[in-house]
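Everything in the sequence shown is counted per the UniProt record's numbering, starting at 1 for the first residue and increasing by one.
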Amino acid sequence: MREGTLRWFEHVMRRDMDVPVRRCERLALDDSRRSRGSSNQILGFSWSSWLVVEILVLVEDLGTALSSHSKVLETMGLLSIIRKIKRKEKEMRILMVGLDNSGKTTIVLKINGEDTSVISPTLGFNIKTITYHKYTLNIWDVGGQKTIRSYWRNYFEQTDGLVWVVDSSDLRRLDDCRSELHNLLKEERLSGASLLIFANKQDIQGALSPDEIAKVLNLEAMDNSRHWRIVGCSACTGDGLLEGFDWLVRDVASRIYMLD
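Next up, the structure:
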């Protein structure tokens with residue numbers, strides 16, 4: 001039996017990748033039948049050959065599943081988990097988007113303790129790397145002007161957390177805000193990202209509350225698998241920013257770092 005098993009393993013090592021494992025299974029069964037009479041065989045199958053065959057069949061099925069359903073796995077965030085496990089540093093890629101003048105850049109500067117007295121519109125994108133708790137956040141702050149929204153898709157790849165910023169005081173553009181957000185959430189590359197919605201400018205009189213913003217944006221219509229939260233904030237005063245980022249970092253960490 002030992003010689004037969006070794007011959008079978010040599011065949012497995014030499015075989016072309018296109019040869020199905022079922023062929024190897026037949027070879028193993030032939031070897032096991034020739035070794036009948038052994039004390040550890042049942043119905044002509046030796047335990048060693050049977051176990052190896054079962055393992056190889058399982059590996060084949062798993063490999064097929066991974067290959068044919070890679071998009072589903074990406075959607076579930078499993079491939080993202082595999083990528084992140086290989087990293088030594090605890091990094092998160094955060095994409096911050098929203099309509100122009102919603103306060104995205106001010107939020108990034110405020111959370112990093114920088115001066116927010118003079119802010120210019122973002123024509124393109126800004127990248128800010130900050131340390132938040134034990135994680136490194138690479139925040140991509142992308143401009144929201146209508147002429148450059150079509151370029152948002154260039155920044156979707158490997159996004160862990162999505163921050164959508166709403167100007168809660170700009171009632172005239174809330175319909176536009178809802179439309180852009182729902183178009184964004186249809187993107188497959190963002191399907192596994194945690195979603196934080198900042199209902200910004202709560203310090204301005206007449207601004208809608210987070211609950212009112214949630215209704216206007218029709219957030220309840222989102223896919224049930226989406227992790228999301230809406231938080232009221234003021235980029236100028238800093239109120240609500242830590243609450244929002246605390247949730248976002250915890251949620252992302254629970255998916256890709258298992259909160260280790």
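Beta carbons are placed, not taken as given, at the ideal position from N, Cα and C, and that holds for glycine.
Closest residue to residue i among the options (Cα-Cα distance)
{"i": "methionine 96", "options": "Ser194, Leu174 and Asp211", "result": "Ser194"}
{"i": "threonine 129", "options": "Glu91, Lys104 and Val165", "result": "Glu91"}
{"i": "threonine 136", "options": "Ile107, Val118, Gly161 and Glu114", "result": "Gly161"}
{"i": "tryptophan 140", "options": "Ile119, Asp211 and Ile127", "result": "Ile127"}
{"i": "tyrosine 132", "options": "Ser254, Asp251 and Phe245", "result": "Phe245"}
{"i": "tryptophan 247", "options": "Val231, Ile119, Gly98 and Trp152", "result": "Val231"}
{"i": "aspartate 176", "options": "Arg255, Asp100, Asn154 and Pro210", "result": "Asp100"}
{"i": "leucine 174", "options": "Ser102, Tyr257 and Val249", "result": "Ser102"}
{"i": "aspartate 211", "options": "Arg255, Leu185, Cys233 and Gly238", "result": "Cys233"}
{"i": "serine 225", "options": "Thr106, Asn112 and Arg255", "result": "Arg255"}
Segment limits, alpha helix (DSSP H) that includes residue i
{"i": "glutamate 212", "result": "210 to 216"}
{"i": "arginine 255", "result": "241 to 256"}
{"i": "valine 142", "result": "Counting along the chain, valine 142 falls outside any alpha helix (DSSP H), though it belongs to the beta strand (DSSP E) covering 135 to 142."}
{"i": "lysine 128", "result": "Looking at the DSSP string, lysine 128 is not in any alpha helix (DSSP H); the run it does join, the beta strand (DSSP E), is 125 to 132."}
{"i": "leucine 95", "result": "That residue, leucine 95, is in no alpha helix (DSSP H); its beta strand (DSSP E) goes 91 to 98."}
{"i": "valine 231", "result": "Not the alpha helix (DSSP H): valine 231 falls in the beta strand (DSSP E), residues 228 to 232."}
{"i": "valine 108", "result": "104 to 111"}
{"i": "arginine 178", "result": "174 to 185"}
Distance CB(residue i)-CB(residue j) smaller than 8 Å
{"i": "phenylalanine 156", "j": "leucine 123", "result": "no"}
{"i": "lysine 201", "j": "serine 179", "result": "no"}
{"i": "valine 163", "j": "leucine 196", "result": "yes"}
Element boundaries [beta strand (DSSP E), containing residue i]
{"i": "serine 194", "result": "194 to 200"}
{"i": "valine 165", "result": "161 to 167"}
Integer Cβ distance of residue i from residue j, believed to fall under 8 Å
{"i": "alanine 235", "j": "isoleucine 213", "result": "Not quite, the Cβ-Cβ distance comes to about 15 Å (not below 8 Å), so this is no contact."}
{"i": "valine 165", "j": "glycine 206", "result": "With 8 Å as the limit, valine 165 and glycine 206 do not qualify as a contact, their Cβ atoms being about 18 Å apart."}
{"i": "threonine 159", "j": "arginine 229", "result": "No, threonine 159 and arginine 229 are not in contact; Cβ-Cβ is about 16 Å, not under 8 Å."}
{"i": "leucine 241", "j": "lysine 104", "result": "Their Cβ separation, rounded to whole angstroms, is 12 Å, which puts leucine 241 and lysine 104 out of contact at 8 Å."}
{"i": "arginine 153", "j": "glutamate 188", "result": "Incorrect: roughly 11 Å between the Cβ atoms, too far for contact."}
- Query: Per the contact definition of three or more C-beta pairs closer than 8 Å, is the region 136 to 148 in contact with the region 109 to 123?
  - Reply: yes
- Message: Tell me whether the region 181 to 190 and the region 216 to 229 touch, counting them as touching only if at least three CB pairs, one residue from each stretch, are closer than 8 Å.
- Response: yes
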